Structures are given as structure tokens and as C-alpha cells.
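Comments concern the structure below.
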Amino acid sequence: MNISKKVAAMAGAACLSAITSSATASEPIIIGVPTGLSGANSTVAPAVVQSSELAVAEINDSGGILGRQVVLEIADDGSGASGAQRAFDDLISNRNADAIITMETSAARNAGIPIVERHQVPYIYTSLYEGRSCSPYLYANGAVPEQMVGPIVDYFMDEEGSERFFLVGSDYAFGRGMLEFTRSYIEERGGEVVAEEYQPMDATDWTSIISQMRRNNPDAVIMSTAGGAPNVTLQRQYKAAGMQALVGNLSVDELTAQSMGEDAEGIYISASYLTAIDSAANRDFLERIETHFGSDLRTPNDLSVPQYDAIYLYKAAVEMAGTTDADAVIEALAEVSYDGPRGTVQMNAQRHAPLTMHLGRVQGDGSVEVVEIFEGVDPGEQCPTS
Amino acid sequence: MTRFIGGVEADHGYLVLPLHVRFRAVCILTALALIVVLIGPFVLDPYTQSVLVRAFLLAVTALTVDLLWGTTGILTFAQGAFFGIGAYAAGLMFTHVGYTAGTVLFALLAAITVSMLVAAFVGWLAFWQGATSLYVAVVTLVLPIVVVQLIYSGGSFTGSSSGLVGFDAPSLSMSGWFWFTGTLMVLLTACAWVFIRSDYGRMLNAIRDNETRNRYLGIPTSHIKITLMMAMAALASMAGFIYACVGTIVAPEHAGFVFGTELVIYVALGGRGTVLGPVIGTIGLEWASAYISSILPFVWTIIIGTIFVVVIVIMPEGLLPPIWRTLSKKLPSRLAKAAKGKGAITFYPLAESDIKTFPANMSQPALDLSSVTKRYGHLKVLQGIDIAVMPGELVGIVGPNGAGKTTLMRCISDGLERSSGVIKVNGKDIGQKSPAAITTLGLGRSFQNTSLFESLSVSECLRLARYRHWQPSKTDTADRIGLPTAAMEVLESTGLTSQLDGKVNNLPHGMKRALELTMVLSLEPNVLLLDEPTAGLTKADRLMIGNILTDLQTRLGLAIVLIEHDFDFVKQVCSRLVVLHRGELVLDGEVQEVVNSDLVQEIYSGHVE
Amino acid sequence: MNYLFLDIITTAAILFIISSGLLIIFGVMKVINFAHGVFLTIGGYSSLVVTRFDWDPWFSMPLAFVVGCLLGAFIERAILRFLYHRPLDAILATWGLGIVLGQLIIIAFGREVQFADRPVSGAVELLGAFYSQYRLLLIIFAVLVAAAMWLLLKGTRIGLQTRAVIMNEPLARGLGINSSRVRLITFSFGAGLACLAGAFITPLSSVDPNMGLPWLVSAFMLVLVSGNSFLALAIACLVLGGAQVLASTYINPIIGGLTIAVLAALLLRLRPKGFAYD
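Protein chains in written order, with full-length UniProt numbering: chain W, 1 to 386; chain U, 1 to 609; chain E, 1 to 278.
Right, here's the structure in full:
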């Protein structure tokens, strides 16, 4: 008798603690952000962290989610797979994250997927990427090739009369993914791809490719290199060689384009977010983030603003589900939408989001002028079976 | 050659223990480690477990680096690439074919086969005779770069920079993986520990210390290094294979050269050549970096980098060996005594019937040179040398400095040295053969500057000289070693027997010469090339060596060629003299005849043009 | 065709410039300097500093050289001096040093890609082709570097001593040459040359903490196939650099990127002396 009573008491205690851990108002909701504080992504990671901090601060000021405060846990993923395995393990098993929301490299994302699946944690990936990453626990709200390529190619063919395209990229998943889609898109539209060339990912000498461009004499060049040095060296060497063809760049962000100065003049870029977006929501967002961070502010960009959106999307999903329970949140994430600096975002297209895309043209002073706006561009077939 | 500083002193006690005691000691330690692994999951949180699972697999890979670099002196950055080959074998197979028991087995076999083939190719590239260790290091640096580039270019087949994810693989719970990888790591470490302390391990140490000398002891060093590299590649790829199964992710960084250099850093910090050092070092650093690097990513790298440089410069033996030495001093004296004492190695004379010396064919020259020429560019160092030495002849080669005497010895003992001409040892053409292969034809050579193994003891050097005749054990050290009578005689008459446990570099010069002669005689050659065997010796020593040589010549019928400056010694022992001058053979005849000839007088007084 | 010719010549010039500092160190000290990549990077950041202070872009070259010499001298005295009898450990120590210096650069200047002002820019017409002016200028720089090396080695006392140490160190020491001093000067000079090379290539690219790394393996290989001869290095740069350009143009740039490393490794296997001669 005595023993069974004890067992019953223990079981009751266990039940109670299970309930408290999932639902009590006093327990904070933990959002894990594994990101590249060191390594290749360390240039953009600080802006991503600031976006997250702003969103969490705003949410907590307005009463949290379901009355619970939100806590941000940041971990370095070293911009690679090994670091990401460690960071995901740390955030999920050690720091008990309820969800992972982050912008990181494709290798880091892939390393994290088995871990969120094993522990059943919702994961919102906020970087633009090469597309087709699918998992029951993964949502993505950044742009994919289907959304980025169309605006540039359409504009070049329709407005500038370009027919012959030269594609050049770095040999990595994003570079190849983007250009493979670009090639099929151009050919579908009746254009011609005169060459598709890749360089090793860390290469910064583009001599032979530029010579080949000269021989082919294309109307337009579409670039999709690794971010950072390969990107800017290609653009500089292209200019230094006196090339005149139109340039569309799928991998340069607004900030890098600005820092390149006159070498970047005339580049076309395609983004779901540009600081120059002329909307009340964006102006309001910029004002708030400037007030919040003052002189420490890292300029918001196409990689950091989706992070801000994603935290609000998660908030909406938890509120719709009424719980942080993974399955319910996963289901709700496809339903909810958020009106933010990028317009309305809803991840209802095979776990990806139709987006408003902006075609920008870099000016001589480094600013980006919005040339054309494409509303509701569909991500296409990303995860058809889900 | 790298000067080596290692846990040799600490091991010495272990080595002299009888085999069954040693075996029991290793078993007990292994069992203790296994118990620690067993209780791990009950006391560790899941995060630490998953960090340690990865650390165990990296420790296995670091172990392979230690065997290659710490033990054998091959600085390699390629083990990361082999790890990656294993990981990608799993990733590619499970992604594109699927996961069944059959594919697991096939993928594992493929991983091991491919990495061994690649290792054989890298070995062929890197371990040719005369390749510098720098060249080897750079070649092993190129391999991961090529492998990573192939992965990147593989597009969706290899997943390019993103790697492969979302495949089904053998799955266990985290505790299950902890037990599995932990057990594997402990067992492999125990095997490696026994291996590097075996005779075979000592031979690898000797290759590290002085590879050239090994070749002239008839040990095929290139072959051994390639074999070792293949075995280590197989182990590393197995670790990579398991790594891919644990995380169900493979990425190019798992094959990259940064990973390869990290392994070298772990091994250097832990203590190269000690097996336990690198394993403990890897686990410790991986664990520490899991906690520190996510908080202080940049500072962590600087700390590790700085410690690495400091360790390399001022304490190349690594961080752990000094700690052990301090600890072992605090061991109860009873244990320490047990580890000392006991029987050292004994050497005994081989019966004449056991001696495998080439049967001397008295009717054909043991050494036959015809038109041997050596050129450096336009400069002819040797021109058309013809000498035939019959069994039982003791030929002295004399001539002033720069006459080409030592070059001639090099040409005889290394098939790649001469520019043209034919050399036959016991009737067999040496062609382009390596020194090791020529040694097996029955040739033994000593060097002008004694060339020995600084980190080995006298008895270990002698052991090494016998490996031409018996395969060194990979698990054990022999405690009774037979030497040819001639070698035993030198050993005894020079008093080396009392120095058997001493380090070679502590020996006085005369002893070193005697040891070298003993080693050459232990090869049981029937053609002996001696380059100034008495230089720097006392008169008594010289007399003794002269007597031994005469004995070898008359009693055993050896053909002996020696270079000598000391005319008295030459007159005492030689049966024939050959005079070299400016690369040409100017005289060949009876000792008295040559010594008294006007030509020789003039050559030595410098009047000959 | 003209472009191909110009590409080959300018690529060889760049390779020669980035390898010469490594070659002089390897020739004298028989040590491969794994920190070479970081030295190139430091040269790039010297240009950046010049830009930040708004100095004349040409000033970045002497600045890089001086910074490199000072750093090289410090490293030789503090670290390498102890490692001459352990060449493999010297590799590791310089590699570790490279890691530390790389991190220090990140902390000091940040990880982003930055830009230095260029002394010249744009394209000029040559042989009926428009070609990057700065790349053409690099041919002249390469010739200047080669000429300076030749003059120093043949025309100065320390050059004579250096050649003596390269040929036969024990003998040189026996003749009273202070080989420790020769080593200090050589490493310092080699490091200066490496930083100078970094400043030379900066106008072609951008400045970032990893900018030296892609050149590292090519430089190692070129030096290994050249032994200790500058003429051999020049030939190796033309032949292997030419092979790289041809492979990049006619096969693809990815194969091109591996050309130097793979060809050099095979060449050394088949002809251990590489491009060196007796």
C-alpha cells in the first residue's frame, strides 16, 4: 500500500512538472538563434542578431506571447556544419529552445535539420537560399531562385532587349542552384545562354572568365558568386577590363554594393528587402531600429529583415495554436501572416513564402534605386510532397 | 631529421615488464576506460554526450595522425580528407541508393577501399626515395583541397557546399552512440598503445629518426610508410563513416584541410607519439571548445593558436607528457620498482647453421664494378671505374680528399646514384634498386659519419638491424635476439653489452662506431662496405677492429671494401689496394706494391696533375 | 588569342610576385613558411591603412614592405630561430602563427570585405585588345622584383653570403659567415617581399582576412618545383601559370584552379628537381 501510494505521488509530481514546463505563464518562451558569429557569415550575423533583439524587445514590451516573456538565446555556428551541429545541440538540449529561428549558411542549415527533427523543434530559416530544402519541421521565409531570377531576367529581356546571357558563379550550392534555375528560365523565355562558368569558391582571380566573356560578347552577365571577396573581385575586375554588358547580380547585398563605390554602378539586384522601399511599414521599422540601437546600428538588409519577420510569424503561430507545442505550431505557421517592412509575408506555399520582389539598380553614389516592384512572386515547386 | 622528444623514459619501465604483466596492465586500464564509457550516459547531460560522441570519433582520427606523424614522422594534413571520404561514402550511398543492411556494408567497404586506394596513390606520390618531409607535408595538403573541390563540383550529387542531409542511416539513441563510439575509441587506443610499443612500433620510430639509415639496414621504408598510410586512411574513413551516421549530415568541411590541420594541432598539444596524449587532448579540446567557442569564438581561436605555437617552440613533446612525468613520480615506490627491475633483453650468438649469409660462390666476384661513372652536370666525379672483389678479399680504397671514394660507395649501395656503368653484387645486377633492395642482395654498408638513431637505445638499434631476417612483431617486443657470431664478438669485445639500455646519443664516439659495425654485421652481409671505420678511434680499438675484419675475411670469406686514410691500418689488414684520384682509378694492386709506388707518393704530396 | 597571351603573361607575373618571398626563405632556410598567406593579407591591409589615412596609393607598397620586414625580423628572432633543426615543426609554428595573426587582423579590422584605393584603374588598348591596365603593370613589377633580387644577390656582400649559405651552409659557416644573421635578414626580407606582393595584388581584388589563402598552395608548389633558383621560379610560373590559364579557358576554371598543385606534385614525383637544374 505504502509503495503504491509513493508511486502515485511520484507520477502526479511528474505530470505536474510536465504541465508546468509546457504551459505556465511564468516560464519564458526560448527562441534559439544559431548563427555565424565567426566565419564567412560573421559580416552579416550582427545585423541578424539586432533584428532578433528588436523583435523580441518589442514583443516583450507588448506583453510577450500568450502572456509569456520571450528569451533570445544566441550561439555561434562558425558558419559551417560542425559548428552548427554543436550550436543546435547546445540550444535545443542545453538551453531548451522552443524554436530555432535563424539566418545561416546552407551547410549549417543542413546540419541543423536532423537535430530539429530528432528533438521535434520548429525551425524557421530566414536566409535567401538556393531552394528545395524540405523537412516537416522547417519553414523558410527568404527568397529562392524562382523569386530572385525572374525580375532581373524579365527586365533585361523586356526593357533592355537582352538576348544573349553569360552566367558566372562560384562553385557552391547557392551559386550552382541559382544559375541552373537562371539558365532554364532564360531558355524557357527564348533567350540564349552563351556560357555558364564556375570558379572555385575562394578564387578571386577571374581573368580567364572575363577573357571568355569578351570572346562571347554577351548582352548581359548574371553573377551568382560566393558573398564577400569573390563577389566584389569579380565586379571590380569586370569593370577594370572595360566590359560594357549589363550586370545582374544575384548574390550581392545592398551594403556590399554600396561599399564597392563606383565599381558597382549600374548593377541590377533583386531583393525582397531594400532600405529604399517606400512604404509606411518600412519607414516605421527603420525609425524604430535606429532608435533602439542608435550609433551601434548595423544597417538592416535582405538577410536580417526576414529574421525580424520570422519572429513575428512565430509569435502569431504560437498565439493561433495557443501553445508552444511543436506539432500545433508547425501547423499554424502555414496559416499566419505578418505585415512588415517587406510587405505581407505568409509561408503558405509548400513551407515557403510568396514575396514582393524589388528590382534595384545601384547608383554612382552607392544608393540603390528601386526600378520595378513585382508583387506576390510565387516560390514555385519547393517541397511538392509536403 | 626531426629531433624527437617523447615519452620514451616513461615507457621504458613498461617495456621491460614480462609480456603477461604488460598484457594484464593494458587490459586493466582498458577495462577501467570502458567502465567510464559505460557509466557516461547515466551522469552526463545529452548535450555533453553529443559533444563527446563527436570528440571520440575525432580522437580516433587524431590517433591515426599520431601514428603517422608522432610515431613515424610523416607530417600529414590528409587524414581529414580520408575522414571525409568515409563520411561521403555513407552520405552518398544512403541518399542515392537508400539505407539497408546491405548498403551499410557496401558503403563501409567502399569507404575503406577508396580511401586505401587514394592513400596508396598519395603514398606513391609522396614516399619516393629522397622525397623531403616538406614535400610530403605539402602533398598531403593538396589532397584535401582536391577532394573538397570534387565535392563542390559534384552539384546535387554531392550536395556541393551544403553537403548532404536528410538520409536514413543506422540510428541509435545518443546514449547508444556514446557507448558504441566510446568503446571503439578505447579499444583502438589500446591497440595503438600496444602497437607503438612493439618491435614494429620501434621500427617506425627509427624511420622517423633516420630514414636513410633504415634503408641501408634493408628495411623497405617507402613500402612500410605506404602500408601504414593505407591502414590509417582506412581507420580515418571508418571514423568519418560513423560520424556521418551519427549526425546524418555530411559537409565539405569534414574533408577539408582546415580540419586536417586541426587534427595536427590536437596531436601536437596532446603529445605526439604518445597515443594517449592525442586522444585525451582531442577529447579535452573538443569538449572545452564546445563550451567556450560559442561564447568567445575569436578569442578561442587565438588562445589555441598561441598555445600551439608556444608548445611547438618550447615544449615539442606536448602538454600531457610533462604532467604524466610529474604524476608518475608520485606513484607508490612499490609500483615504480615493479616497473623497473626484471630482465632486460638478452642477445645470444646464432648457431652457424642459422646464419643466412649468402653462400659464397668462390669462383665469381662478390662485388663487380664495370665502367662506373658519376656526373654532376658536366663535372665527372667518377669515370669508368672497374673493380672486381672476390670473396675473402679485403680491398682498401685510398686517395686524397675529393677523389670520389665516398661517392663510389654511394654508387654501389644505391642503384639510383651512378650515371652509367654496371654493378653486380653476388653476380646480380643492382640496376636501379633502392638501398634496401641492394642490402637484401647481401651488401652491408657503414657510414663515414656514424649514422644512428638518436632516440633509440643500443639494444633497439641492434634489434632493428635484425629485421631483415625476421619480421618485427606488431604487438610484442622480443626479449631474446640472436646475432651472428661476428656481431656478438664486436658487442662483447667493445663493452657495448654493458650499455644495452643506454641511449645511443649518450655513447662515446668509439662506442658509436662499434655499434654501427655491429649493426652492419647483424645484417649478415657477405659484401661489406666500410667508410673510414676507424676514424677517431684509439689505437687499441683500431687494433681490435682490424682483427675482427681479418677474421671475417679469412674465416667467413666475406668480401670487404674499406675506405681508409690511415696507411698503417691499411697495411695491417688489406690484401689489396685501389687508388682513386680525381674520379679515376689510377692503381690497383698488392698492398706493398701500391704503397711504395711513386704515383701514390706524388698524389699524396700533391704533385700529380 | 591576344587575350590568351596577355592572360598567361600577367598570370605568370602575379604568381612570380607572390612566390618570390617564399622562395628566398625556402632557399636559405629550407623551411616552408606557412604564414605566407597571412603575410600577403597583411600587405593588403597596409594598402587599406594607406587608404584610410588618405595617403597616396603608391605609398602602400613601401609601407607593406617595411611592415613585412619588421614583422619577419620579429618572428625569426622570437620563434623560427629555435626551429632550424626541426623543419616540420617550423611549418607548424608558422601555420599556428598564421592562425593567430589572422584572428588579430579580424579583431582589428573586422571581417568584412573592404577596399583600398588603386593607383591606376581601367583598361588600355594593347595589341588590338582592351586589357586591364593594372594587370599589365604587374608584369613590370615582376620584372622589377626579379631585377632587385638579382642585384641584391649578385651585387652585395650580404647577397654573396646568402648565396654561400644557400649552396653549402656548414662550409659557409666555416668561412666565418654569420649564418644566423643571414637567416634573420633573409626571413625579414622574404616576409617584406610577401607583404609587398600582398600590396601588389590588392588593387585586383578586395581586402579581407582570407585574401592570401587562395594563393598559398600555388605558391608552395611553385617554390617546391623551383628549388632555390629564381630563374627556375620564373620558368615554373610561366609553364604552370600558362597551364592554369589554358585549362581554365579550354576546360573549365575549376580544373584550372587545381592545375598548378596537381601538375607540380606529379612533376616532382617524376623529376624530383622540378624546374631546377644542376
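In this text, a Cβ means the ideal position worked out from N, Cα and C, and glycines have one as well.
As the structure is a prediction and not an experimental result, all values here were calculated from the model.
Where residue i and residue j are concerned, what is the direct C-alpha to C-alpha distance, given to the nearest angstrom?
i, j, result
"W/Ala276", "W/Gln350", "29 Å"
"E/Gly122", "E/Leu137", "12 Å"
"U/Asp414", "U/Gly495", "32 Å"
"W/Ala195", "W/Arg183", "9 Å"
"U/Gly222", "U/Ile438", "Per the sequence shown, residue 222 of chain U should be read as Ser rather than Gly. Those two C-alpha atoms are separated by around 15 Å."
"U/Val43", "U/Ala33", "15 Å"
"W/Leu274", "E/Pro62", "41 Å"
"U/Leu134", "E/Gly37", "17 Å"
"W/Asn41", "W/Thr299", "15 Å"
"W/Thr43", "W/Leu297", "13 Å"
"E/Val245", "W/Ser208", "6 Å"
"E/Arg81", "E/Ile254", "39 Å"
"W/Arg283", "W/Ile289", "10 Å"
"W/Val377", "W/Glu160", "21 Å"
"residue 279 of chain E", "E/Ala35", "Only positions 1 to 278 of chain E appear in the structure, and residue 279 of chain E is not among them; the question remains open."
State the start and end residues of the unbroken alpha helix (DSSP H) segment that holds residue i.
i, result
"U/Asn596", "591-596"
"U/Ala137", "133-153"
"W/Ala345", "Sequence inspection shows Val at residue 345 of chain W; the Ala mentioned does not correspond to that position. Here W/Val345 belongs to no alpha helix (DSSP H); instead the beta strand (DSSP E) covers 343-346."
"W/His358", "Not the alpha helix (DSSP H): W/His358 falls in the beta strand (DSSP E), residues 355-362."
Just the chain U side, please: which residues come within less than 8 Å of residue i by C-beta, in chain order?
i, result
"E/Leu97", "Gly305, Val309"
"E/Arg157", "Under the 8 Å cutoff, chain U gives no residues; its nearest Cβ is about 28 Å from E/Arg157."
"W/Pro114", "Val165, Gly166, Gly247, Thr248, Ile249"
"W/Ser93", "Asp45, Pro46, Tyr47, Ser50"
"W/Ala107", "Ser161, Ser162, Gly163, Ala251, Pro252, Glu253"
Who are the neighbours of residue i on chain U, taking C-beta pairs under 9 Å?
i, result
"E/Gln103", "Phe298, Val299, Thr301, Ile302, Gly305"
Check the Cβ of residue i against every Cβ in chain E and list those closer than 9 Å, keeping chain order.
i, result
"W/Glu180", "Under the 9 Å cutoff, chain E gives no residues; its nearest Cβ is about 15 Å from W/Glu180."
"W/Ala240", "Arg118, Ser121, Gly122, Ala123, Ser132, Gln133, Tyr134, Arg135, Pro203, Leu204"
Could you list which residues in chain W have their beta carbon closer than 9 Å to that of residue i, in chain order?
i, result
"E/Val28", "Those within 9 Å of E/Val28 in chain W number zero; the least Cβ separation is about 29 Å."
Are the beta-carbon atoms of residue i and residue j separated by less than 8 Å?
i, j, result
"U/Phe241", "U/Ala119", "no"
"W/Met178", "W/Ile210", "no"
"U/Val53", "U/Trp177", "yes"
"U/Ala244", "U/Gly91", "yes"
"E/Phe59", "E/Val66", "no"
"U/Ile207", "U/Ile224", "yes"
"U/Met230", "U/Gly384", "no"
"E/Leu83", "U/Val313", "yes"
Hey, could you find the ends of the beta strand (DSSP E) residue i is sitting in?
i, result
"U/Arg375", "367-376"
List the residues of chain W whose Cβ lies closer than 7 Å to the Cβ of residue i, in chain order.
i, result
"U/Ala290", "Arg86"
Report the neighbours of residue i on chain E: residues whose CB is nearer than 8 Å to its CB, in chain order.
i, result
"W/Met260", "Phe115"
"U/Gln383", "Per Cβ cutoff of 8 Å: no residues; U/Gln383 is ~17 Å from chain E at best."
"residue 678 of chain U", "No answer is possible for residue 678 of chain U: the residues shown for chain U start at 1 and end at 609."
Can you name the residues of chain W whose CB is closer than 8 Å to the CB of residue i?
i, result
"E/Phe245", "In the sequence under discussion, the amino acid at residue 245 of chain E is Val, which differs from the Phe named in the question. Neighbours of E/Val245 on chain W, chain order: Thr207, Ser208."
"E/Arg52", "Going along chain W, no residue has its Cβ under 8 Å from E/Arg52, so there is no contact; the nearest lies around 14 Å."
Residues of chain E with CB closer than 7 Å to the CB of residue i, please, in chain order.
i, result
"U/Leu141", "Val217"
"U/Ala268", "Leu92"
Residues, ordered as in the chain, of the segment 209-234 of chain W that lie near chain E by beta-carbon distance below 7 Å: Residues Ile209, Ser211, Gln212, Arg214, Gly228, Ala229, Val232, Thr233.
Interface residues of the segment 194-226 of chain E facing chain W [CB-CB below 8 Å]: Of all residues in the segment 194-226 of chain E, Leu204, Ser205, Ser206, Asp208, Asn210, Met211, Leu213, Pro214 have a Cβ within less than 8 Å of some Cβ in chain W.
The segment 73-87 of chain U: positions lying closer than 8 Å to chain E by Cβ: If the cut-off is 8 Å between Cβ atoms, the segment 73-87 of chain U has Gly73, Leu75 near chain E.
Proximal residues, the segment 105-139 of chain U versus chain E, C-beta separation under 7 Å: Under the 7 Å Cβ criterion, the segment 105-139 of chain U contributes Leu125, Trp128, Gly130, Ser133, Leu134, Tyr135, Ala137, Val138, Val139.
The segment 179-209 of chain W: positions lying closer than 9 Å to chain E by Cβ: Contact annotation: in the segment 179-209 of chain W, residues whose CB is within less than 9 Å of a CB in chain E are Glu197, Tyr198, Gln199, Pro200, Asp202, Ala203, Thr204, Asp205, Trp206, Thr207, Ser208, Ile209.
Members of the segment 19-48 of chain E near chain U, C-beta cut-off 7 Å: Listed by position, the residues of the segment 19-48 of chain E near chain U (Cβ gap below 7 Å) are Ile32.
Contacting positions in the segment 149-174 of chain W - beta carbon closer than 7 Å to chain U: So the close ones are Asp171, Tyr172, Ala173.
Members of the segment 77-90 of chain E that neighbour chain U once the beta carbon cut-off is set at 8 Å: Cβ proximity to chain U below 8 Å picks out Ile79, Phe82, Leu83, His85, Arg86, Pro87, Leu88, Asp89 from the segment 77-90 of chain E.
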